[in-house]
Ligand SMILES: NC(=O)c1ccc[n+]([C@@H]2O[C@H](COP(=O)([O-])OP(=O)(O)OC[C@H]3O[C@@H](n4cnc5c(N)ncnc54)[C@H](OP(=O)(O)O)[C@@H]3O)[C@@H](O)[C@H]2O)c1
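Residue numbers (my numbering): 2 to 156.
Here's what the structure looks like:
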């Protein structure tokens, strides 16, 4: 895609993934919409039920818009990051002992490559792709129970 001379509208660009998009698009951004979902879109997420359900909405919504708008030259992508090193958890007031994860620049690059390949959804990173693929093979009830075990609040 030739992004030169085009305008980009990025919401949530003050930090994290949005800020990485702003920087990456400065060198490329046309006829494309990137909706940030999550790997949480791929399974029910006990203890974060509304979050997972809203991300599932974003994924389904984006995939439908892709098909609706393909003939108009507008690309739509649902970006599904896993754990990413941003201020997300601190801002949400979620304390977590786990560290690591992808950095926002990698996530933005994943999305832009997926747009260029014409994908309607992309999971960021090999580990997250493996995780969502494996979860997709499970019965939904099992996937929810597995997520309950992973997401349960720690003491
Ligand atoms: N970080 C992760 O591990 C992770 C994993 C999966 C999915 N995601 C998704 O990635 C997206 C971006 O999160 P991030 O990790 O980049 O977090 P972040 O660094 O905290 O950035 C969040 C951005 O959203 C903006 N924002 C927050 N509330 C808003 C509101 N009510 N209206 C408009 N803008 C608002 C913030 O702007 P202000 O600074 O002005 O408040 C900020 O620019 C989120 O949708 C999140 O669900 C994140």
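We put the beta carbon where it would ideally sit given N, CA and C, even for glycine.
Residue i: CB within 6 Å of a non-hydrogen atom of ligand 1
i	result
residue 68	no
residue 92	yes
residue 17	yes
residue 130	no
residue 151	no
residue 89	yes
residue 84	yes
residue 53	no
residue 59	no
residue 13	yes
residue 39	yes
Expected contact under 8 Å - CB spacing of residue i and residue j to nearest Å
i	j	result
residue 22	residue 33	That belief does not hold up - the Cβ atoms of residue 22 and residue 33 are roughly 11 Å apart, past 8 Å.
Helix, strand or coil at residue i [DSSP, three-state]
i	result
residue 34	strand
residue 75	coil
residue 9	coil
residue 139	coil
residue 146	helix
Residues that residue i bridges to, as DSSP identifies them
i	result
residue 85	103
residue 122	79
Three or more C-beta pairs under 8 Å: does that hold for the stretch 122-133 against the stretch 34-41?
yes
Determine contact between the stretch 45-62 and the stretch 141-152, defined as no fewer than three beta-carbon pairs at a distance below 8 Å.
yes
Is the stretch 100-119 touching the stretch 82-92 in the sense that three or more CB pairs, one from each, lie closer than 8 Å?
yes
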